[in-house]
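In UniProt numbering, the protein residues as written are 1 to 168.
Listed below in structure tokens is the structure:
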């Protein structure tokens, strides 16, 4: 399925293989050592048609909501807006609402993720590059093949189909 309102097929993360996965693991170890706790943000971004924006990165498999780490000296909202802009050329048209806080033990055992819900508009298509293979808006009932289980669960929680979990 081709994403609507986003970039087309770009870099294939499966072709990149173990070197990229190894680099990602090294970065996670570095962050675990250099920080007492890691904090990330994810944005459940909805357009005016009610579709959710998802990205497929080049360095991890699957489709995800845009997001990333909160850096020193940066607020969670600043990190959220930065990631939305960088990963999708997205601009908030509503105030982001904190939906839930999750513990993500799969990363480092010290990682927490803040999930925000926000209405957005895309200021320009987001072309594929070294970080983002493809992206786009999708109806919640027609997510692209390869959407991660965690992303599917978060969307179900946002829709009220299930209670929010405490683990990502």
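Yeah, the Cβ is synthetic: ideal placement off N, Cα and C, and Gly gets one too.
Query raised in the report: For residue 133, which option in 82, 88, 110, 164 has the closest C-alpha, if you only look at C-alpha atoms?
Result: Walking along the chain shown from the start, residue 133 turns up at place 133. Selected option, being the one with the closest Cα: 88.
Query raised in the report: With distances taken from CA atoms, which of 116, 98, 135, 159 is nearest residue 43?
Result: In the chain shown, residue 43 corresponds to position 43, counting from 1. Nearest C-alpha to residue 43: 116.
Requested in this report: Kindly provide the ranges of any beta strand (DSSP E) runs that are 3 or more residues long and lie completely inside the UniProt domain "Nudix hydrolase" (36 to 161), ordered along the chain.
Outcome: Assignment of beta strand (DSSP E) within the UniProt domain "Nudix hydrolase" (36 to 161), counting only whole runs of 3 or more residues, yields 38 to 46, 52 to 57, 67 to 69, 90 to 92, 97 to 104, 111 to 122, 132 to 138 in chain order.
Query raised in the report: For residue 97, which of 109, 118, 68 has the nearest alpha-carbon?
Result: In the chain shown, the residue the question calls residue 97 occupies position 97. Between residue 97 and the set 109, 118, 68, the nearest pair of CA atoms involves 118.
Requested in this report: Assign residue 28 to one of three DSSP states: helix, strand, or coil.
Outcome: Walking along the chain shown from the start, residue 28 turns up at place 28. The answer is helix: DSSP assigns residue 28 an H, G or I state.
Requested in this report: Would you check if there are 3 or more beta carbon pairs closer than 8 Å linking the segment 51 to 61 to the segment 127 to 147?
Outcome: Proximity of the segment 51 to 61 to the segment 127 to 147 meets the contact definition, three or more beta-carbon pairs being nearer than 8 Å.
Query raised in the report: Among the residues of its own chain, which have a CB less than 6 Å from the CB of residue 69, if the five just before and after it don't count?
Result: The residue labelled residue 69 in the question sits at position 69 within the chain shown. So the list reads 40, once near-sequence residues are dropped.
Query raised in the report: Across which residues does DSSP place residue 166 in a beta bridge pair?
Result: Here residue 166 is taken as the residue at index 166 of the chain shown, counted from 1. Note: residue 166 sits in no beta bridge, so no partner.
**Report entry** residue 104 versus residue 110 - alpha carbon distance
**Finding:** For this step, residue 104 is matched to residue 104 along the chain shown. For this step, residue 110 is matched to residue 110 along the chain shown. For the pair residue 104 and residue 110, the Cα-to-Cα distance works out to about 7 Å.
**Report entry** Short Cβ contact (9 Å threshold) for residue 121 with residue 90
**Finding:** The sequence position of residue 121 within the chain shown is 121, counting from 1. The sequence position of residue 90 within the chain shown is 90, counting from 1. A distance below 9 Å separates the beta carbons of residue 121 and residue 90.
Query - Best match in 58, 153, 94 for proximity to residue 17 [C-alpha to C-alpha] - result: For the purposes of this step, residue 17 is identified with residue 17 of the chain shown, where counting begins at 1. For the residues 58, 153, 94, the minimum Cα distance to residue 17 belongs to 58.
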